[in-house]
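Here is the structure we will look at, set down as structure tokens.
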Amino acid sequence: MKKLKLLILCLLSIFCLNSCLTLGIAAQSYISEHQLFQPNPKYFYDDTKMSLNKRVRVEIEGTNKKIYIPEGYELVKYNKFKQKNDEDFPNIFIGSKNVTLEVPEYVLYNQSKKTALLLGIRRNYKIEDIIKNKNDLIKLKENTYLVKAKKGYGNLFLKQIDKQILVYSVSSNWQGTTEEYNNEKLNFYLELTKDW
Numbered sequence: 001m002k003k004l005k006l007l008i009l010c011l012l013s014i015f016c017l018n019s020c021l022t023l024g025i026a027a028q029s030y031i032s033e034h035q036l037f038q039p040n041p042k043y044f045y046d047d048t049k050m051s052l053n054k055r056v057r058v059e060i061e062g063t064n065k066k067i068y069i070p071e072g073y074e075l076v077k078y079n080k081f082k083q084k085n086d087e088d089f090p091n092i093f094i095g096s097k098n099v100t101l102e103v104p105e106y107v108l109y110n111q112s113k114k115t116a117l118l119l120g121i122r123r124n125y126k127i128e129d130i131i132k133n134k135n136d137l138i139k140l141k142e143n144t145y146l147v148k149a150k151k152g153y154g155n156l157f158l159k160q161i162d163k164q165i166l167v168y169s170v171s172s173n174w175q176g177t178t179e180e181y182n183n184e185k186l187n188f189y190l191e192l193t194k195d196w
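Be aware that the sequence shown starts at 1, since it is given in UniProt numbering, and climbs by one per residue.
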């Protein structure tokens with residue numbers, strides 16, 4: 001009788017352990033598949049920690065191009081943003097040659113925080129319209145380039161997301177910018193625009 005009880009107890013223990021392991025594996029699979037409990041983002045934009053994990057899909061007006069932008073931001077016409085904030089988009093790049101950029105048509109704007117990402121989007125605009133000398137371009141990825149600024153100034157980020165749509169940003173146009181700041185901005189822009 002004691003042997004029978006011991007055998008039943010062993011079988012019951014094995015069954016419970018097997019169920020727990022199965023449940024644990026299923027839970028881990030579900031969590032990783034649905035990207036629950038993601039680590040904190042490591043992207044900074046002007047000393048603000050931003051989550052690039054949650055994005056919303058928007059369409060660039062007048063095109064069929066859709067892009068993913070951070071949750072809480074919207075694609076706003078630059079003229080509307082400028083009137084509200086009286087801020088100018090940095091349009092002078094101080095590199096090996098001074099380049100003046102066209103004012104963007106759109107920027108990413110966060111209504112609740114009253115801030116914009118100085119990442120301009122312009123239709124009917126190409127990299128060739130900005131940089132005539134292709135030797136100034138440093139290729140980062142497909143259709144993604146960097147133009148190095150003079151020491152102390154912000155680098156120029158360029159991404160051709162469509163034949164006629166250019167995304168660009170001057171990290172800064174004031175003196176005193178560090179290489180670390182430029183790299184931080186570059187990593188942010190690369191991550192933000194990776195699906196564009």
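From the three backbone atoms N, C-alpha and C, an ideal C-beta is built for every residue, glycine too.
On a predicted model such as this, the values are computed, not experimentally measured, just so you know.
Beta-bridge partners of residue i, as assigned by DSSP
{"i": "N110", "result": "T115"}
{"i": "P70", "result": "R55"}
{"i": "G120", "result": "Y168"}
{"i": "K1", "result": "Looking at the sequence itself, residue 1 is Met, so the reference to Lys does not match. Paired residue(s): none; M1 is not in a bridge."}
{"i": "D162", "result": "I165"}
{"i": "I138", "result": "L146"}
{"i": "V76", "result": "V107"}
Closest Cα partner of residue i within the set the options
{"i": "K65", "options": "N182, S169, Q164 and L192", "result": "Q164"}
{"i": "Y189", "options": "T63, F157 and I161", "result": "F157"}
{"i": "R122", "options": "N155, V76 and G154", "result": "V76"}
{"i": "P104", "options": "L119, T115 and K185", "result": "L119"}
{"i": "D129", "options": "K159, K139, Y106 and F81", "result": "K159"}
{"i": "L146", "options": "K113, N183, S112 and N124", "result": "N183"}
{"i": "K151", "options": "Y181, L9, Q28 and I14", "result": "Y181"}
{"i": "K114", "options": "F81, G62 and I8", "result": "F81"}
Whole-angstrom C-beta distance between residue j and residue i, which should lie under 8 Å
{"i": "L117", "j": "L108", "result": "4 Å"}
{"i": "L192", "j": "N155", "result": "About 15 Å; that fails the 8 Å criterion."}
{"i": "Y106", "j": "Y78", "result": "6 Å"}
Contacts around residue i, its chain only, beta-carbon distance under 6 Å, and the 5 residues preceding and following it disregarded
{"i": "Y161", "result": "Contrary to the premise, residue 161 reads as Ile rather than Tyr in this sequence. Once the five neighbours on either side are set aside, the close Cβ partners of I161 are V167 and W196."}
{"i": "N110", "result": "G72 and Y73"}
{"i": "N133", "result": "none"}
{"i": "K194", "result": "none"}
{"i": "E59", "result": "K66"}
{"i": "L140", "result": "L146"}
Own chain residues within Cβ distance below 7 Å of residue i, not counting five before or after
{"i": "E179", "result": "none"}
{"i": "R55", "result": "Y68, I69, P70 and E71"}
{"i": "Q38", "result": "Per-residue confidence for Q38 stands at a pLDDT of 49, beneath the threshold of 50, marking its modelled position as unreliable; no derived number is given."}
{"i": "S169", "result": "L118, L119, G120, F157 and Y189"}
{"i": "R57", "result": "K66 and Y68"}
8 Å Cβ shell around residue i - same chain, five flanking residues per side excluded
{"i": "I138", "result": "Y145, L146, V147 and K148"}
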